[in-house]
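Using my numbering, the first residue of the sequence shown is number 6, and each one after it goes up by one. For every residue, glycine included, the Cβ atom is placed at its ideal position computed from N, Cα and C. Since the model is a prediction, treat every value here as computed from it, not as a measurement.
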Amino acid sequence: MSKLLFGPTITTKAEGAPKLPARDVTVPVAAKIVTPISQLLDQLLPIAPKPTPTPRTPPSENPLVEGMKELQNRTRTQNNAEAFKSTTSATLDAFGGLNANSTGEEVHMQLAKSWEESPELTLRIIWNMRSIHEGHNDKIGFYRAFGWLYKYHPRTAIENLRFITECLCERKIKCKAKGPNDGDDGFEVIEPEEEDVYKIVKMPHGYYKDLLNIVLLAMRDKLIDPALVDDSSLKVPFNQRETRTRKQWRGIQAAKKKQNKELGVDEAKKRREAESQQKVAAQAQKAKEKRKEKNDGDRALLKEKLENDKSFLALYVTVSHIFADELANDVALLKRIETASEEEAFDLKFEVSSAAKWAPSLDGAHDRPTNLATAIALVMYSKGKPNELSLSITGEVTQEQAQILRSYYRRWVVSPLRRFLDVTEVKMSSQHWDRIDYKHVPEECMKNNKISFFKHDEKRLVNYLADVAV
6 MSKLLFGPTI TTKAEGAPKL PARDVTVPVA AKIVTPISQL LDQLLPIAPK
56 PTPTPRTPPS ENPLVEGMKE LQNRTRTQNN AEAFKSTTSA TLDAFGGLNA
106 NSTGEEVHMQ LAKSWEESPE LTLRIIWNMR SIHEGHNDKI GFYRAFGWLY
156 KYHPRTAIEN LRFITECLCE RKIKCKAKGP NDGDDGFEVI EPEEEDVYKI
206 VKMPHGYYKD LLNIVLLAMR DKLIDPALVD DSSLKVPFNQ RETRTRKQWR
256 GIQAAKKKQN KELGVDEAKK RREAESQQKV AAQAQKAKEK RKEKNDGDRA
306 LLKEKLENDK SFLALYVTVS HIFADELAND VALLKRIETA SEEEAFDLKF
356 EVSSAAKWAP SLDGAHDRPT NLATAIALVM YSKGKPNELS LSITGEVTQE
406 QAQILRSYYR RWVVSPLRRF LDVTEVKMSS QHWDRIDYKH VPEECMKNNK
456 ISFFKHDEKR LVNYLADVAV
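If you want it as structure tokens, here you go:
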């Protein structure tokens, strides 16, 4: 088995594939982006001194008032059974009441009450909403909750951002206890009286794409507004195809017949083809202008937010550093795997994170508006991670320097790590459909791309599904 994990690859492009539009891929305030997170937070969001708690006078006990409060706290269920409206504890109400059906306004209101009672427990409640393995696994609800924290307690939100992807959820997994191998017959001997072997596996509350989604929502001022955070907030709208009614089709056919009769079939066909080409060219030019307008708007918005919004700058830099540190660590692991023995390489491969899978691709949906790929590459360069890159950057990053950083980021960081992680989308984009191992395709990927699998690799997919059915 070859271990050339950083070797070059050849990606075939479809004929006539459009070239990516030239756009500004630099990042403003480059000096602040490479500043260590703790130092930058002290500059932008210093810790406010705790206010002196004012002694509260206990309310006078009045049996009549207490009885009325208790009566107001009672309600009835749909089955007309007696119940309480509240547990009389704001944190307990937030823990038990916030779920996927809670509106954004309810999330913000309950978290505000819970924070007054216990900030620490409120933080745990927010992360419990996102936790895939130990909580609700409610992504949208977590974005709303994190938006409240980011709005009212930005430093706390940003300092705890890393806990989304850190492996903190412990699981005890039962492993098969293997006995010594018999050198004569080659059979594996398993001692029946041996105790089961358990292994502790750690998993994160969320995934790296959460960080990109949060930055994008914050840049567009959607994160702090609970009404703007929903399932459609992060979806790229599809291009609507032009549709025609039957009456319109009949009119088109009648116009063709009339034109064929007046000009002749060949001449009429040539004229229609010329008109069609002009129409397509006009549509392409209009789409190009629209893309440029959107890119320029996103660029101006990013510049304004990074220069004038301290909370967003701290968030942007923190996410860039989280990705840069994890990717640098994974690249170092990959270099060790490349030279390690087979047994050691097998153990090391489980230490590689999924950061490369979710890292922003060049000119992808998250990189186009935010230029996060440039920021991540710049942070890695500032920390001396790409030792082979000979580049001198003083002051602001130029367009040429940004392109060099991004090329290195793709060639030597993201691409080899994604190949090693066996990311299905990498094989799809390079048209290597016959190399896809359907046993390793994640459930969400299979659900989203099954039509493409049938189109490009029907025989192998049908065989796989038949094996699964058996």
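Rounded C-alpha distance that separates Ala117 from Leu426: Spanning the two alpha carbons is a distance of roughly 41 Å.
Whether Leu228 touches Tyr155 by CB criterion (7 Å): yes
C-beta atoms of His326 and Leu217 nearer than 7 Å: no
Inter-residue spacing [alpha-carbon to alpha-carbon] between Met134 and Trp120: 16 Å
Buried or exposed by the 16-neighbour rule on C-beta atoms within 10 Å, applied to Met385: buried
Opening and closing residue of the beta strand (DSSP E) in which Lys390 lies: First-last for Lys390: undefined, no H or E at that position.
Given 8 Å, three or more beta-carbon pairs between the region 410-428 and the region 356-366: Segments in contact, yes.
Environment of Asp271 [buried if 16+ CB atoms lie within 10 Å]: Note on Asp271: under 16 other CB atoms within 10 angstroms of its CB, so exposed under the neighbour-count rule.
Own chain, CB closer than 8 Å to Tyr203, minus 5 neighbours either side, in chain order: Lys177, Ile178, Lys179, Cys180
Backbone CA spacing between Thr127 and Gly102 [nearest angstrom]: Distance from the CA atom of Thr127 to the CA atom of Gly102, rounded to whole angstroms, is 13 Å.
Any 3 or more C-beta pairs closer than 8 Å across the region 32-39 and the region 398-405: yes
Distance, Arg129 Cα to Leu49 Cα: 25 Å
Residues of its chain near Glu87, where Cβ-Cβ distance is below 7 Å and the 5 sequence neighbours each way are ignored: Correct list, in chain order: Arg79, Arg81.
Contacts around Arg440, its chain only, beta-carbon distance under 7 Å, and the 5 residues preceding and following it disregarded: Lys432
DSSP state of Leu396 mapped onto helix, strand, coil: In the three-state reduction of the DSSP assignment, Leu396 falls in the coil class, being assigned neither a helical nor a strand state.
Start-to-end residues for the alpha helix (DSSP H) that takes in Tyr413: Note, Tyr413: alpha helix (DSSP H), 404-413.
Ser387 beta carbon less than 7 Å from that of Val39: yes
Under the three-state DSSP convention, the category Glu87 falls into: Residue state, collapsed to three classes: strand.
Closest by C-alpha distance to Ala380, when choosing among Ala319, Glu343, His445: Ala319
Check whether Leu332 and Ala378 have beta carbons under 7 Å apart: no
CA-to-CA distance, His113 to Pro242, given in whole angstroms: 28 Å
C-beta atoms of Arg28 and Asn300 nearer than 7 Å: For Arg28 and Asn300, yes; Cβs fall inside 7 Å.
Contact belief for Asp98 with Gln115 at Cβ below 8 Å, rounded distance in angstroms: 6 Å
DSSP bridge partner residues for Met208 (one or two, in chain order): Residue pairing from DSSP places Met208 in a beta bridge opposite Cys174.
Local Cβ density within 10 Å of Asn85, reported as buried at 16 or more and exposed below that: exposed
Coil, strand or helix - Arg249 by DSSP: coil
C-beta atoms of Pro231 and Gly109 nearer than 7 Å: yes
Nearest neighbour of Phe11, chosen from Phe168, Gln290, Ala337 [CA to CA]: Ala337
Simplified DSSP state of Arg416, which is helix, strand or coil: If DSSP states are grouped into helix, strand and coil, Arg416 belongs with the helices.
3-residue-minimum beta strand (DSSP E) runs that sit fully inside the region 293-359, ordered along the chain: none
Check whether Ile169 and Gly211 have beta carbons under 7 Å apart: Inclusion of Ile169 and Gly211 in the CB contact set at 7 Å is warranted, their separation being smaller than that value.
Reduced DSSP category for Arg255 - H, G, I as helix; E, B as strand; rest coil: helix
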